[in-house]
Amino acid sequence: SFGCGGSHQQSHDSSLARFGHARSTMSEDPADGDKDEDDKAEVSKEEFLKDFFKTFKAEEQSIRDALACVNSEVHEQLDALLLRLQALEASFTRQAHVLPAYDVQQYRSSLKAL
15 SFGCGGSHQQ SHDSSLARFG HARSTMSEDP ADGDKDEDDK AEVSKEEFLK DFFKTFKAEE
75 QSIRDALACV NSEVHEQLDA LLLRLQALEA SFTRQAHVLP AYDVQQYRSS LKAL
């Protein structure tokens with residue numbers, strides 16, 4: 015977590031890069047029904063889920079930290095945080111179809127709370 019003087023944009027940029035990585039790993043589709051390919055796809059899905067959950071939580075915490083640091087430039091800061099929240103929500107929406115149902119509900123609640 016960054017202090018109030020930390021670089022929230024840097025955290026946001028790295029979070030988006032990780033979301034991009036997670037999306038690219040799920041776009042790989044096995045070319046044939048080979049067992050090795052199925053095993054690779056399952057490992058890839060597990061890695062994707064781990065990466066998604068880790069990245070989502072990191073960005074959620076970063077947004078919460080930034081909200082705690084809002085100062086006299088409140089309008090600019092809140093506008094920037096709203097854009098980050100919208101990006102996090104859009105990323106979640108794109109990935110929701112591959113997430114377990116319980117996690118979808120839990121993460122949707124987290125987004126609403128933000």
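Take the working numbering: the last position of the sequence shown gets the number 128, and nothing is skipped along the way.
Think of the CB as a built atom: it goes at the ideal place given N, C-alpha and C, for glycine as much as any other residue.
If you're wondering where the values come from, they're calculated on a predicted model, not measured in any experiment.
Through-space distance from residue j to residue i, alpha-carbon basis
i          : j           : result
residue 52 : residue 64  : 18 angstroms
residue 79 : residue 107 : 23 angstroms
residue 54 : residue 84  : 45 angstroms
residue 75 : residue 125 : 11 angstroms
residue 61 : residue 91  : 34 angstroms
residue 93 : residue 118 : 26 angstroms
Environment of residue i [buried if 16+ CB atoms lie within 10 Å]
i           : result
residue 87  : exposed
residue 123 : exposed
residue 121 : buried
residue 102 : buried
Terminal residues of the alpha helix (DSSP H) in which residue i lies
i           : result
residue 118 : 115-127
residue 89  : 88-109
Spatial neighbours of residue i in its chain, beta-carbon cut-off 8 angstroms, leaving aside the 5 residues before and after
i           : result
residue 113 : 63, 66 and 121
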